[in-house]
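Participant: Counting from 0, one number per residue, gives the positions in the sequence shown under numbering that gives the first Met the number 0. Where is the CB? At the ideal position from N, CA and C, for every residue including glycine. Let me begin by handing over the structure; questions about it come next.
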Amino acid sequence: MIHPRDWYVEIAGQGPDLVLLHGLGASSFSWRHNRERLSRHFRVITPDLPGHGRSPAPLDADYRAEALVRGVVDFLDYQGLETVALGGNSLGGGLSLVLAREQPARVSALVLLAPAAALTRVPYAFWPLRLPVLGYAAAILLGPWLLPWFMRLVYCHPERLIPEAVAGYAPPYRDLRRRLALRQVCRDLEIRPLAEIAALLRGLAQPTSLIWGERDLILPPAQGHWMAAHLPQAEFHLLPEVGHAPQEEAPGLVNKIIIDFLGRSIKNV
Numbered sequence: 000m001i002h003p004r005d006w007y008v009e010i011a012g013q014g015p016d017l018v019l020l021h022g023l024g025a026s027s028f029s030w031r032h033n034r035e036r037l038s039r040h041f042r043v044i045t046p047d048l049p050g051h052g053r054s055p056a057p058l059d060a061d062y063r064a065e066a067l068v069r070g071v072v073d074f075l076d077y078q079g080l081e082t083v084a085l086g087g088n089s090l091g092g093g094l095s096l097v098l099a100r101e102q103p104a105r106v107s108a109l110v111l112l113a114p115a116a117a118l119t120r121v122p123y124a125f126w127p128l129r130l131p132v133l134g135y136a137a138a139i140l141l142g143p144w145l146l147p148w149f150m151r152l153v154y155c156h157p158e159r160l161i162p163e164a165v166a167g168y169a170p171p172y173r174d175l176r177r178r179l180a181l182r183q184v185c186r187d188l189e190i191r192p193l194a195e196i197a198a199l200l201r202g203l204a205q206p207t208s209l210i211w212g213e214r215d216l217i218l219p220p221a222q223g224h225w226m227a228a229h230l231p232q233a234e235f236h237l238l239p240e241v242g243h244a245p246q247e248e249a250p251g252l253v254n255k256i257i258i259d260f261l262g263r264s265i266k267n268v
């Protein structure tokens, strides 16, 4: 796995450490509307995961969930972060859940935005990248020109975000090698049975805020209700007219939820 000294990371603010992990195919850019507001209360740390954004994306790296979780633990160690509030969107939320279960002393609270706790199916937008031969062709075609189409699946109101989002997310997609690395990330995604996911959730003790978009097409809100039923300590927020990236579509509300929740859940806020 890539050494955490080589990860791209943005750090802002002072206070309790809050680490936020982005979703599949995204980057720390996804927290652009949250970083400044949250940094008034927390030391906000937003890395680009391996294979994403401006972090290295070697084609021979191990991008399985357990390897990415180990990478996040190594990142915390490298940054000198003993205990953090940990959160993430989609893939980043799933990694946060696994890390909190495996190393509970490292995580004081969880903030999860439509987390891919463990996939029961691969989001259909990424399915072509998993195919043995056609996946290579899909990676070649997955340039910046396809981002507006993909964002129409992610956002409930794409017209509000597409110009800014395309400009911010496009740079890695101009690089074929990075698109091939994203293909490898997708191929390494593991499909897990619901019983295994339920066992993972039952093992969590941290206070949790679960945030979901009512119009999420990638991970439908029914999954959010199911997760909330298996996380009795979780606060569940279902946001109207919001898709798969609540932190981008409803940043003001999401920021308020995070600040209020962590203010009640961790010390020194």
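Buried or exposed, going by whether 16 or more other CB atoms sit within 10 Å of the CB of Glu158?
Facilitator: Under this definition Glu158 is an exposed residue.
Participant: Quick check on this structure: which residue in Ala108, Pro114, Arg69, Arg177 has the alpha carbon closest to the alpha carbon of Gly142?
Facilitator: It is Arg177.
Participant: Can you tell me the Cα-Cα spacing of Phe235 and Val83, whole angstroms?
Facilitator: Cα-Cα distance, rounded: 21 Å.
Participant: How would you label Pro192, buried or exposed, when you count the other beta carbons within 10 angstroms and need 16 or more for buried?
Facilitator: Burial call: exposed.
Participant: Are the CB atoms of Gly12 and Arg31 nearer to each other than 9 Å?
Facilitator: Contact flag unset, no.
Participant: Would you kindly check if the distance between the Cβ of Tyr7 and the Cβ of Ala180 is under 9 Å?
Facilitator: No. Outside cutoff.
Participant: List the whole-angstrom C-beta distance separating Met0 from Ala60, where the pair is believed to meet the contact cut-off of C-beta under 8 Å.
Facilitator: About 6 Å separates the two Cβ atoms, so the contact holds.
Participant: Give every residue of the same chain whose Cβ lies closer than 7 Å to the Cβ of Glu163, excluding the five residues on either side of it in the sequence, and list them in chain order.
Facilitator: Cβ neighbours of Glu163 beyond the five flanking positions: none.
Participant: Looking only at its own chain, which residues have a Cβ that is under 7 Å from the Cβ of Val241, when we skip the five neighbours before and after it?
Facilitator: Excluding positions up to five away in sequence, the list reads Cys155, Gly212, Glu213, Arg214, Glu248, Ala249.
Participant: For Glu234, which three-state DSSP category applies?
Facilitator: Glu234 falls in the strand class under three-state DSSP.
Participant: Per DSSP, which residues does Asp16 bridge with? Please list them.
Facilitator: Answer by DSSP bridge pairing, in chain order: Arg42.
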